[in-house]
Structure formats: C-alpha cells, structure tokens
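Asks: Going by the working numbering, the sequence shown opens with residue 25, and the numbers climb by one from there. Note that beta-carbon positions come from the ideal geometry of N, C-alpha and C, so glycine has one too. Here it is, the structure, as structure tokens.
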Amino acid sequence: MTRVVVVGAAGRMGRSMLRLLGEFPDLTLTAAVASGRSAALGQDAGSQAGAAVLGVPVTADLAAALVDADVVIDFSTAAAAAEHVRACAQARVPLLLGTTGLPEGLEGVLGEAAKSTAVLVAANTSLGINVLLELVRQAAAALPDYDLEIVEVHHRHKVDAPSGTALALGRAAAEGRQVSLAEQAAYARQGHTGPRPAGQIGFAVVRGGDVVGEHDVLLLAGGERLRLGHVATDRAVFARGALTTARWLAQQRPGRYAMRDVFLAKTKS
Ligand code: NAD
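Set out below in structure tokens:
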C-alpha cells in the first residue's frame with residue numbers, strides 16, 4: 025500500500041484526485057493539506073471533494089502529514105512551492121509537483137531536494153500532452169524553417185500565463201531545434217512589431233469561461249501548416265495521470281525525474 029498526501033486538497037485538482045482515489049486501491053490517503061485559510065479545514069477530505077467519506081480531515085499541517093507518507097502530490101500554489109519542496113526533502117518523501125507558474129529561483133531548491141528524495145515536476149500530467157511533447161520535439165526538428173506558434177486556452181480562474189504546458193511545449197520545440205527558448209520566445213506582440221523574425225517561438229494566450237485546457241502548436245510555412253493539438257475536456261485526465269505517476273514515484277530513489285521517465289518505465293515493464 026502506498027501512503028499518499030494530497031496538497032491543495034480543497035482546490036479543483038485536489039478535489040478531482042480525491043474523487044478518483046477509488047480507482048487506485050493500492051493508494052491510501054493519509055493526509056489532505058489545504059491552506060491555513062481554507063474553508064475546508066477540519067472537513068472530511070472525501071466529503072468536501074464530493075466523493076465518499078475517506079476518514080481523513082483536511083489539515084494545514086504539512087510537516088505532520090509527512091510523518092506518515094510515501095509520496096506527496098502537490099497541486100496548490102507557486103508561492104508555497106519552495107516551502108513544500110524543502111519540507112518533502114527534509115522528510116525524505118518523494119514529491120510530484122504539479123503546480124505551474126513556478127518561480128525561476130525554484131530550480132536550485134529542487135536540485136538540492138533531489139539529493140535526498142525523488143522529485144518530479146510536471147506542468148501537465150495527462151498522457152496525451154506528454155505524447156504531444158514528443159511529437160512537437162520531432163516536428164520542430166524535422167521542420168526547422170517553419171514558423172512555430174503555440175496557442176493555449178484556459179478557464180477564467182487560471183492565474184499564470186502562458187500555461188506551464190505551453191511553456192513545456194515551447195521547451196520541447198526549442199530542444200528539437202537545439203536552440204534556447206529564452207532567446208527565441210516571443211510572449212507578447214503589440215503595436216508596430218515589424219515582420220516576424222525567423223526562428224522565433226511565439227505564444228498566444230486566451231482566457232475565459234470554464235475551458236479545462238487547449239493547446240495548439242502550429243508550424244507554418246508558405247503553402248502549408250502543420251497543426252498539432254490537444255484538448256482536455258475533463259481535469260480528471262490530469263488527476264488520473266498524477267495518481268499513476270505518484271504511485272511510480274513513490275518507488276524511486278532520490279533524484280530529478282520527468283513524466284518521460286514514467287512513460288519509458290511503463291513501456292519497458
Ligand atoms: P485551485 O486554485 O482550484 O486550487 C489550489 C488550492 O491550493 C486552493 O484550494 C488553495 O487554497 C490551495 N493552497 C494555497 N496555498 C496553499 C498552501 N500553502 N498549502 C496547501 N494548499 C494551498 O487551482 P487548481 O486548478 O487546482 O490548480 C492548482 C495548480 O495546479 C495550478 O498551479 C495549476 O496551474 C496547476 N495544474 C497543473 C496541472 C498538471 O497537469 N500539472 C493540471 C491542472 C492544473
């Protein structure tokens with residue numbers, strides 16, 4: 025049995041994972057952590073998620089939760105990410121960090137944490153997106169002169185832009201072309217921008233309604249366009265992917281891991 029702690033338990037993703045736990049009989053929830061201001065504090069984790077009673081009250085005490093844990097799944101807030109990473113490292117509990125909009129300075133904290141526990145940061149835990157990342161890497165390499173643009177659409181509550189997934193797609197494209205995303209990215213265009221520079225990787229962001237997540241990668245040339253895209257219609261795909269990944273991560277030695285490692289391990293087994 026793998027003992028799981030869900031951080032961000034009262035949020036959209038947290039509740040979605042708690043509703044899906046029944047599909048994973050080898051995972052047992054030992055703690056559900058919310059922010060100290062959450063209205064769900066003290067409530068049963070399952071009930072507040074609209075699922076069956078799980079017998080685990082929602083708490084704000086991550087340190088206490090880590091005492092009895094094999095893996096932590098964190099979908100909460102970027103502002104608390106460093107604190108959560110350090111706590112997991114100190115307790116030597118593997119961490120799947122699904123939160124996006126992470127500060128750049130977090131890389132050092134993650135590297136340090138990976139010396140004492142397994143750490144996996146995933147901007148997107150759906151199987152489809154992780155296959156798309158590979159396809160984009162290949163397409164960008166095969167079509168080096170095509171203009172590459174990434175368009176993403178998300179619900180009106182999303183706080184970071186471009187989405188973590190759009191950035192991951194940009195990184196995959198840059199890897200495929202063996203260029204630096206930081207040097208090639210265009211995150212905004214307004215006014216007299218002049219013609220499009222060759223090699224640029226452009227991002228466009230749409231926000232509104234209840235859109236779970238849509239990503240399109242366009243490779244445009246004179247006479248043709250290649251469009252690679254993904255539409256998430258239910259955040260359960262992220263939640264299911266996160267639970268599957270956490271089950272795998274709980275068994276890993278200290279180090280940095282990526283979603284690619286999870287899929288490669290699956291193909292090998
Ligand atoms: P949400 O706002 O619904 O939920 C976040 C929850 O975290 C809230 O309930 C908030 O109160 C809580 N929280 C804030 N500070 C906390 C703290 N210190 N400790 C514990 N909980 C805390 O957001 P969401 O839609 O559930 O998304 C959460 C994060 O996951 C976002 O960064 C989002 O972009 C990301 N996300 C990732 C994927 C993926 O596949 N990796 C998929 C969807 C969303």
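1. Please report the distance separating the alpha-carbon of glutamate 248 from that of aspartate 258.
2. Measuring CB to CB, does leucine 244 end up less than 7 Å from alanine 163?
3. Just checking my contact of glycine 122 with isoleucine 97 at CB under 8 Å: how many whole Å lie between their CB atoms?
4. Are there any heavy atoms of the ligand NAD lying less than 6 Å away from the beta-carbon of methionine 41, as far as the coordinates show?
5. Tell whether a beta-carbon distance below 7 Å holds between isoleucine 174 and leucine 193.
6. Taking only three categories from DSSP, how would you classify valine 109?
7. Which parts of the stretch 134–200 are runs of the beta strand (DSSP E), unbroken and 3 residues or longer, counting only runs that do not cross its ends?
8. Distance, Cα to Cα, arginine 213 vs glutamate 107?
9. Give me whichever residues DSSP pairs with arginine 231 in a beta bridge.
10. Run through the DSSP bridge pairs and tell me what arginine 251 is partnered with.
11. Please identify the residue among Leu42, Ala115, Gly233 whose C-alpha is closest to the C-alpha of glycine 79.
12. Does the count of Cβ pairs from the stretch 25–33 and the stretch 84–95 closer than 8 Å reach three?
13. For valine 183, which residues from the same chain have a beta carbon less than 8 Å from its beta carbon, with the 5 sequence-adjacent residues on both sides left out?
14. Enumerate in chain order the residues of its own chain whose CB-to-CB distance from arginine 180 is below 7 Å, with the five nearest sequence positions on each side excluded.
15. Mind reading off the beta-carbon distance from valine 241 to glycine 253? Whole number of angstroms is fine, and I expect it under 8 Å.
16. Taking the continuous alpha helix (DSSP H) assigned at alanine 16, which residues delimit it?
17. Taking 7 Å as the threshold (C-beta atoms), are proline 118 and alanine 142 in contact?
18. List, from N- to C-terminal side, the alpha helix (DSSP H) runs of 4 residues or more that fit wholly inside the stretch 29–102.
19. Mind checking whether the beta-carbon of glycine 232 lies closer than 6 Å to any heavy atom of the ligand NAD?
20. Going by CA-CA distance only, name the one from Gly74, Ala102, Ala63, Glu238 that's closest to alanine 84.
21. What's the C-alpha gap between glutamate 199 and arginine 161?
22. Which residues does DSSP list as the beta-bridge partners of leucine 120?
23. Return the bridge partner residues of arginine 213 from the DSSP annotation.
24. On the three-state DSSP scale, how would you describe glycine 279?
25. Counting only the same chain and skipping the five closest in sequence on each side, list residues whose C-beta sits under 7 Å from that of valine 133.
Replies: Straight from the coordinates:
1. 32 Å
2. no
3. 7 Å
4. no
5. yes
6. helix
7. 142–145, 171–178
8. 35 Å
9. His178
10. Leu242
11. Leu42
12. yes
13. Gly125
14. Arg231, Gly232, Gly233
15. 7 Å
16. This structure cannot speak to residue 16, because the chain is shown only from 25 to 293.
17. yes
18. 36–44, 69–72, 86–89
19. no
20. Ala63
21. 7 Å
22. Ile97, Leu144
23. DSSP, once it has assigned bridges, lists no residue as partnering arginine 213.
24. strand
25. Ala106, Val109, Arg110
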